[in-house]
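There are 2 protein chains.
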Amino acid sequence: MKNRYTLIKCDGRARRGRLETVHGTVETPVFMNVGTVGAIKGAVSSSDLEEIGCQIELSNTYHLHVRTGDELIKSLGGLHKFMSWNKPILTDSGGFQVFSLASLRKIKEEGVTFASHIDGHRIFMGPEESMRIQSNLGSTIAMAFDECPDSRSERSYVEESVHRTERWLVRCKKELDRLNSLPDTVNKDQMLFGINQGAVFDDIRIENARYIREMDLDGYAIGGLAVGETHEEMYHILDVTVPQLPQDKPIYLMGVGTPVNIVEAVYRGVDFFDCVYPSRNARHGQLYTHKGKFNIKNAIFASDMSPIEEGCNCPACRRYSRAYIRHLIKAGEMLGLRLCVLHNLYFYNHLMEEIRQAIDEDRFESYRNDMIRSYNETK
Amino acid sequence: MKNRYTLIKCDGRARRGRLETVHGTVETPVFMNVGTVGAIKGAVSSSDLEEIGCQIELSNTYHLHVRTGDELIKSLGGLHKFMSWNKPILTDSGGFQVFSLASLRKIKEEGVTFASHIDGHRIFMGPEESMRIQSNLGSTIAMAFDECPDSRSERSYVEESVHRTERWLVRCKKELDRLNSLPDTVNKDQMLFGINQGAVFDDIRIENARYIREMDLDGYAIGGLAVGETHEEMYHILDVTVPQLPQDKPIYLMGVGTPVNIVEAVYRGVDFFDCVYPSRNARHGQLYTHKGKFNIKNAIFASDMSPIEEGCNCPACRRYSRAYIRHLIKAGEMLGLRLCVLHNLYFYNHLMEEIRQAIDEDRFESYRNDMIRSYNETK
């Protein structure tokens with residue numbers, strides 16, 4: 051068996067694990083850096099990802115399918131080779147983008163017909179298509195094709211949607227098993243993570259978790275959170291759902307979130323995270339520190355020769371001042387954005403390192419309290 | 051004397067020199083990388099400049115004056131400290147931008163009144179103002195404040211303009227001497243390069259060169275070329291002008307040019323170059339190789355897994371393929387632009403290294419012939 055998850059230890063419900071894959075090892079809890087089309091927003095390359103301590107990159111199936119084409123990428127040896135990244139890659143299923151970006155979508159039992167957000171041409175994607183695209187990309191971890199119902203959807207719609215997603219998951223597994231057995235598959239050891247859904251309905255979440263845990267998947271994700279519900283609702287769903295998932299498999303909270311969200315979710319047993327906040331906020335000049343976020347565009351930083359955060363070892367803080375970065379942003383220089391993105395991604399990856407160390411040393415609960423207090427301090 | 055130019059050897063009229071400065075040594079012939087506001091277009095940082103072998107950076111006085119402000123930069127310790135670059139910096143005089151970017155300009159003997167291209171506010175800049183701004187920035191080399199007349203101007207206008215620029219040069223030298231003697235000046239050893247003008251009129255160019263060579267400046271530039279005249283006219287002006295300039299001082303051809311232009315100008319005795327082509331062309335997907343330029347957006351590169359140029363050791367070619375870079379450019383990812391700029395700047399800096407080596411080895415003439423033949427080959 052080439053892929054193996056080991057739960058190394060627990061500190062409360064917080065878990066310290068290790069996922070060994072054909073593309074190398076991931077120490078968890080971990081933050082996955084989002085490289086939508088095989089590149090991180092802000093002119094960040096795979097070399098940069100290595101430098102800032104990224105363990106696993108996440109790419110978007112939908113974007114790679116409608117833009118450059120997964121068949122071309124397969125013919126060139128797969129996404130790892132294409133973007134020159136030899137550590138693990140997780141690809142999402144395309145589902146979230148189909149439901150959030152594409153227009154004129156029509157959901158049926160077979161899958162979804164929708165119009166491309168690039169040129170409007172009609173595309174059909176169902177469980178089998180999603181698996182084939184992800185198999186063409188050759189990612190380390192494929193995500194099951196799911197529908198992510200709106201957190202404010204009616205109970206009856208959520209029930210119907212979750213049951214369809216369960217049937218889709220069976221089809222995903224069958225199709226990926228078939229693809230992994232073919233001779234010309236890029237990564238024959240591609241893993242499949244199933245996705246728990248159910249909006250904010252405890253019983254639907256729990257029933258769905260019990261259903262998918264029987265399927266012996268490589269990992270389990272919790273989807274459909276951080277899409278409009280409150281933080282308290284999200285934490286509550288984690289409290290009721292995580293214990294229903296297999297404890298000997300990695301657990302991934304999709305699309306979450308703020309540094310505090312991550313610490314709170316680790317506290318509730320989550321191992322994997324991804325979020326666009328660090329790069330998206332960098333684009334607006336919002337920078338992360340252990341004492342909270344600040345906006346570099348603020349005039350008070352015009353003559354501030356200190357780094358973004360004292361003691362930070364990222365490529366921006368090691369060499370450049372707040373005054374210079376502010377100047378670059380104000381002048382519209384791409385370098386300003388790049389330095390902000392590098393800092394924010396380093397902050398997130400380094401935060402996970404702090405979390406892992408705290409669990410290793412049986413002091414996660416006090417780390418959590420200190421981190422949240424410091425982060426929420428008024429600057 | 052802290053600044054010293056040494057003419058190491060000649061190979062024909064081609065010169066191999068060395069300029070020692072308070073910010074380090076520049077081996078010539080050299081290409082200066084253009085960092086308008088203290089940052090290279092394409093998210094390129096001072097760390098990147100070090101990696102691609104840049105010896106000297108060029109920043110734009112006008113942009114830094116109207117945007118962030120030279121007084122702020124002086125209060126923070128000067129441009130070197132501000133942008134974290136400890137090698138030489140040349141600042142232009144602001145004249146070229148005043149005459150090309152600013153609107154509503156009015157030229158008088160004292161200087162030029164114009165409207166900022168950012169917010170339209172009225173600014174006055176004359177020789178003294180230009181020197182004060184450059185002194186505030188603390189660059190290694192300051193350029194004299196000149197007017198760059200249109201290459202199609204009437205002879206009578208060019209004569210009048212050149213004589214005014216000569217009077218401005220006397221005022222520049224006097225003001226920079228005064229500034230260099232003040233106790234709180236950032237770089238008390240700031241050098242001054244004078245600028246030869248005269249459009250395409252041989253006799254005006256020669257008369258002006260004879261005038262300025264008497265002033266014992268730190269270096270001499272040839273301005274007002276590559277602004278609309280033919281390549282042959284430009285080479286002819288170099289043929290008649292360069293021999294009139296002091297041979298024991300560095301000679302700088304402003305704003306030039308293509309790789310072939312540079313080789314031809316080195317052949318005619320030029321030491322310093324700067325040009326926006328490598329970064330500007332990168333923005334349009336135009337990439338330089340020893341076999342000429344090509345456009346990475348061309349469909350034939352969609353599945354081309356070779357580097358931009360075989361054997362190139364730049365950060366793009368060492369790791370990424372044409373197919374990937376094309377994909378990034380087509381997807382609008384900033385990383386695509388960054389990789390293209392890094393390659394083109396590396397190409398220019400590396401071209402200068404080849405030129406220096408050829409002169410060192412007394413084979414510049416054959417290098418020139420081979421380089422131009424190869425560069426003009428049909429791809």
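Chains as they are written, first to last, in the numbering used here: chain Z, 51 to 429; chain B, 51 to 429.
Note that beta-carbon positions come from the ideal geometry of N, C-alpha and C, so glycine has one too.
How many angstroms separate the CA atom of asparagine 136 (chain B) from the CA atom of phenylalanine 351 (chain Z)?
Residue numbering aside, residue 136 (chain B) sits at position 86 when the second sequence is read from its first letter. Residue numbering aside, residue 351 (chain Z) sits at position 301 when the first sequence is read from its first letter. So the alpha carbons of these two residues sit roughly 23 Å apart.
Do we get a CB-CB distance below 8 Å when we pair glutamate 415 (chain B) with the residues of chain Z?
Along the second sequence, read from residue 1 onward, the residue named residue 415 (chain B) stands at position 365. No - not a single Cβ of chain Z is within 8 Å of the one on glutamate 415 (chain B).
Taking the alpha-carbon of methionine 355 (chain B) as reference, which of Z:Ser134, Z:Gly92 and Z:Glu159 has the nearest alpha-carbon?
Taking the first residue of the second sequence as position 1, residue 355 (chain B) is located at position 305. For the residues Z:Ser134, Z:Gly92 and Z:Glu159, the minimum Cα distance to methionine 355 (chain B) belongs to Z:Ser134.
Less than 8 Å between the C-beta atoms of histidine 73 (chain B) and proline 138 (chain B), yes or no?
In the second sequence, the residue the question calls residue 73 (chain B) occupies position 23. In the second sequence, the residue the question calls residue 138 (chain B) occupies position 88. Result yes, Cβ atoms of histidine 73 (chain B) and proline 138 (chain B) sit closer than 8 Å.
Below 8 Å on C-beta distance, what does histidine 377 (chain B) contact in chain Z?
The count along the second sequence starts at 1 and reaches residue 377 (chain B) at position 327. By Cβ distance, chain Z contributes Val87, Gly88, Arg117, Thr118 and Phe132.
Grab the span of the beta strand (DSSP E) containing glycine 176 (chain B) for me, first residue to last.
As a working mapping, residue 176 (chain B) is identified with position 126 in the second sequence. Counting along the chain, glycine 176 (chain B) falls outside any beta strand (DSSP E), and DSSP gives it neither H nor E.
With distances taken from CA atoms, which of Z:Ile245, Z:Gly305, Z:Asn345 and Z:Asn311 is nearest lysine 299 (chain Z)?
Along the first sequence, read from residue 1 onward, the residue named residue 299 (chain Z) stands at position 249. Minimum Cα distance to lysine 299 (chain Z) is reached at Z:Ile245.
Following the continuous alpha helix (DSSP H) through tyrosine 55 (chain B), name the residue where it begins and the one where it ends.
Here the question's residue 55 (chain B) lines up with position 5 in the second sequence. Not the alpha helix (DSSP H): tyrosine 55 (chain B) falls in the beta strand (DSSP E), residues 54 to 61.
Can you grab the Cα-Cα spacing for the pair asparagine 363 (chain B) / leucine 295 (chain B), in whole Å?
In the second sequence, the residue the question calls residue 363 (chain B) occupies position 313. In the second sequence, the residue the question calls residue 295 (chain B) occupies position 245. So the two alpha carbons sit approximately 37 Å from each other.
When the cut-off is 8 Å and only beta carbons count, does arginine 68 (chain B) lie next to chain Z?
Translated into positions along the second sequence, residue 68 (chain B) becomes position 18. No, its Cβ sits nowhere closer than 8 Å to a Cβ of chain Z.
Relative to the alpha-carbon of glycine 248 (chain Z), which residue among Z:Pro233, Z:Asp266, Z:Val236 and Z:Asp196 has its alpha-carbon at the smallest distance?
The residue given as residue 248 (chain Z) occupies position 198 in the first sequence. Comparing Cα positions, the closest option is Z:Asp196.
Which first and last residues belong to the beta strand (DSSP E) in which valine 80 (chain Z) is found?
Residue numbering aside, residue 80 (chain Z) sits at position 30 when the first sequence is read from its first letter. Counting along the chain, the beta strand (DSSP E) containing valine 80 (chain Z) begins and ends at 80 to 84.
Listed from N- to C-terminal order along the chain, which residues in the region 93 to 112 of chain B have their beta-carbon within a distance smaller than 7 Å of any beta-carbon of chain Z?
Within the region 93 to 112 of chain B, the qualifying residues are Ala93, Val94, Ser95 and Ser97.
Please classify lysine 299 (chain Z): does DSSP put it in a helix, a strand, or coil?
On the first sequence, position 249 is the one that residue 299 (chain Z) refers to. Residue state, collapsed to three classes: coil.
Using only the alpha-carbon positions, how far apart do arginine 423 (chain Z) and lysine 341 (chain Z) sit?
Against the first sequence, residue 423 (chain Z) aligns to sequence position 373. Against the first sequence, residue 341 (chain Z) aligns to sequence position 291. For arginine 423 (chain Z) and lysine 341 (chain Z), the distance between alpha carbons rounds to 9 Å.
Ordered along the chain, which non-local residues of its own chain (more than five positions away) have a Cβ less than 6 Å from that of serine 13 (chain B)?
The shown model of chain B, from 51 to 429, leaves out residue 13 (chain B), and the question about it has no answer.
Taking 8 Å as the threshold (C-beta atoms), are cysteine 390 (chain B) and glycine 307 (chain B) in contact?
Here the question's residue 307 (chain B) lines up with position 257 in the second sequence. Here the question's residue 390 (chain B) lines up with position 340 in the second sequence. Result no, Cβ atoms of glycine 307 (chain B) and cysteine 390 (chain B) do not sit closer than 8 Å.
Rounded to whole angstroms, what is the Cα-Cα separation between valine 94 (chain B) and isoleucine 168 (chain Z)?
Translated into the one-based positions of the second sequence, residue 94 (chain B) becomes position 44. Translated into the one-based positions of the first sequence, residue 168 (chain Z) becomes position 118. Valine 94 (chain B) and isoleucine 168 (chain Z): Cα-Cα distance of roughly 29 Å.
Would you give the residue range spanned by the alpha helix (DSSP H) that lysine 380 (chain B) belongs to?
For the purposes of this step, residue 380 (chain B) is taken as residue 330 along the second sequence, with counting starting at 1. Segment 372 to 380, the alpha helix (DSSP H) holding lysine 380 (chain B).
Who are the near neighbours of threonine 71 (chain B) in its chain, counting only those whose CB is closer than 6 Å to its CB and skipping five residues on each side?
As a first step, residue 71 (chain B) is located in the second sequence; it is residue number 21 there, counting from the start. So the list reads Asn53, Pro138 and Thr190, once near-sequence residues are dropped.
Using a beta-carbon distance cut-off of less than 9 Å, what residues from the region 288 to 319 of chain Z approach chain B?
Within the region 288 to 319 of chain Z, no residue has a Cβ that lies closer than 9 Å to any Cβ of chain B.
Please state whether the Cβ-Cβ distance between glycine 145 (chain Z) and tyrosine 317 (chain Z) is less than 8 Å.
Residue mapping note: residue 145 (chain Z) aligns to position 95 of the first sequence, counting from 1. Residue mapping note: residue 317 (chain Z) aligns to position 267 of the first sequence, counting from 1. Not a contact, by the Cβ cut-off of 8 Å.
Are the C-beta of lysine 349 (chain Z) and some C-beta of chain B separated by less than 8 Å?
Residue numbering aside, residue 349 (chain Z) sits at position 299 when the first sequence is read from its first letter. First, the residue type needs correcting, since residue 349 (chain Z) is alanine and not lysine in the sequence shown. It does not: the Cβ of alanine 349 (chain Z) has no partner Cβ on chain B nearer than 8 Å.
DSSP state of lysine 223 (chain Z), grouped into three classes?
The sequence position of residue 223 (chain Z) within the first sequence is 173, counting from 1. Lysine 223 (chain Z): helix per DSSP, three-state reduction.
Please identify the residue among Z:Leu226, Z:Ser185 and Z:Val320 whose C-alpha is closest to the C-alpha of isoleucine 301 (chain Z).
Numbered from 1 along the first sequence, position 251 holds the residue referred to as residue 301 (chain Z). Closest by alpha carbon: Z:Val320.
Go ahead and label leucine 232 (chain B) buried or exposed: buried means 16 or more other beta carbons lie within 10 angstroms of its beta carbon, across all protein chains shown.
By one-based count along the second sequence, residue 232 (chain B) stands at place 182. When all chains shown are included, leucine 232 (chain B) counts as exposed.
DSSP three-state call for valine 67 (chain Z): helix, strand or coil?
For this step, residue 67 (chain Z) is matched to residue 17 along the first sequence. Sequence inspection shows glycine at residue 67 (chain Z); the valine mentioned does not correspond to that position. Correct three-state label for glycine 67 (chain Z): strand.
If we require 4 or more residues per run, which alpha helix (DSSP H) segments fall completely within the region 98 to 130 of chain Z?
Taking only runs of at least 4 residues, the alpha helix (DSSP H) segments lying wholly in the region 98 to 130 of chain Z are 111 to 116 and 120 to 125.
Alpha carbon to alpha carbon, how far is threonine 75 (chain B) from threonine 215 (chain B)?
To locate residue 75 (chain B), count along the second sequence from 1; it is residue 25. To locate residue 215 (chain B), count along the second sequence from 1; it is residue 165. Taking the straight line from one Cα to the other gives about 30 Å.
Going by DSSP in three states, methionine 193 (chain B) sits in which element: helix, strand or coil?
If you number the second sequence from 1, residue 193 (chain B) lands on position 143. Methionine 193 (chain B) falls in the strand class under three-state DSSP.
Roughly how many angstroms lie between the CA atoms of leucine 187 (chain Z) and leucine 57 (chain B), to the nearest whole one?
Mapped onto the first sequence, residue 187 (chain Z) falls at position 137. Mapped onto the second sequence, residue 57 (chain B) falls at position 7. Each residue's Cα considered, the two are about 57 Å apart.
Under the assumption that isoleucine 409 (chain B) contacts alanine 64 (chain B) (Cβ atoms under 8 Å), give the Cβ distance between them as a whole number of angstroms.
In the second sequence, the residue the question calls residue 409 (chain B) occupies position 359. In the second sequence, the residue the question calls residue 64 (chain B) occupies position 14. Contact holds; Cβ gap of about 5 Å.
Does any residue of chain Z have a CB that is nearer than 8 Å to the CB of serine 329 (chain B)?
Counting from 1 along the second sequence, the entry for residue 329 (chain B) is found at position 279. So, not an interface residue.
So is lysine 124 (chain B) buried or exposed if we call it buried at 16+ other beta carbons inside 10 Å?
Working through the second sequence from its first residue, we reach residue 124 (chain B) at position 74. The residue is buried, with at least 16 neighbouring Cβ atoms inside 10 Å.
Please report the residue range of the alpha helix (DSSP H) in which leucine 401 (chain Z) lies.
Against the first sequence, residue 401 (chain Z) aligns to sequence position 351. Segment 384 to 410, the alpha helix (DSSP H) holding leucine 401 (chain Z).
Could you name the residues of the same chain whose beta carbon sits closer than 6 Å to that of asparagine 237 (chain Z), not counting the 5 residues immediately before and after it, in chain order?
Along the first sequence, read from residue 1 onward, the residue named residue 237 (chain Z) stands at position 187. For asparagine 237 (chain Z), where only same-chain residues beyond five positions count, the Cβ hits under 6 Å are Gly188.
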